[in-house]
Every structure is written in C-alpha cells, then in structure tokens.
Amino acid sequence: MKAKLPKGIGGGPQNMQGMIKQAQKMQEDMEALQADLDQREYEINAGGGVVTVKINGKMEILSIDLAPEVVDPDDIETLSDLLVAGVNEAIKKVTSINNEEMGKVTGGLSLPGVNGLF
C-alpha cells in the first residue's frame, strides 16, 4: 500500500526543479528588498518629542537632535536616559518594519538564519 502525499509534495524531478526556482526567486526578492530597506531612513521621537533619532534601515544612527530644554549641565543623567530611550526606540522600529516587510516576501515562513536579522 502506497502512502498518499499531500498535494504539491512529491512529483519527482519536475517538482524539485519548481521548488528550486521558487527558492531562487524568493532569494532574489529578499536581496532586492534588503537593498531597499537598507536605503530607507526613519525619524523616531522619544521623551515626548525632545529627542529625535534619525536612523537608516541598516540600523545606523544618522543623527540625534535634542530640544534645547533637555540640555541641562546639572542633569546629565536625564539626558543620557533620553538618548538611550531614543536609540532603543529607533532600533525597535526599524527591526519591526524590516521583519514585517521581509515576512511579506517569505510568506511568513520561518527561515533559519533569516528571520530576526532584518
């Protein structure tokens, strides 16, 4: 008695070629998307808008702008906390957007070594 395979599974060399072509197409799409994501720039506000972090899709900080009222030489700790919060928020935002966009290309597949990198 032969076991029945789910539709789309099996089928010999033709099916294997089709799967290889799909994988190659997905890889090309992912590379193109990654190049696009790397070029994007985002502005994230933190601390009620007193800190603005500009970051690109490669998670490189491009600039940090501070409202004059947060620059208090007697309170460096608050300024430091605001900078950390702004940078962390920017990284979270870019990671979330990159993962969401990449998920559209991969069809939500969990690809070892890929998901979580973007």
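Going left to right, the sequence shown walks through residues 159 to 276 as the working numbering numbers them. Just so you know, even glycine gets a beta-carbon here, dropped at the ideal spot from N, CA and C.
VAL229 and GLU235 have their C-alpha atoms spaced approximately 10 angstroms apart. Between LEU240 and GLY205, the C-beta spacing is below 7 angstroms. Using a Cβ distance threshold of 7 angstroms, ASP196 and GLY176 do not count as a contacting pair. ASP187 sits in a helix when the DSSP states are folded into three classes.
Scanning ILE219, ASN173 and LYS183 for the CA closest to the CA of VAL252 turns up ILE219. In this structure, the beta-carbon distance from ALA181 to VAL211 does not fall below 7 angstroms. Going by beta carbons, VAL263 and ASP187 fall inside the 7 angstroms limit. Here the C-alpha atom of ASP223 lies approximately 6 angstroms from the C-alpha atom of VAL209.
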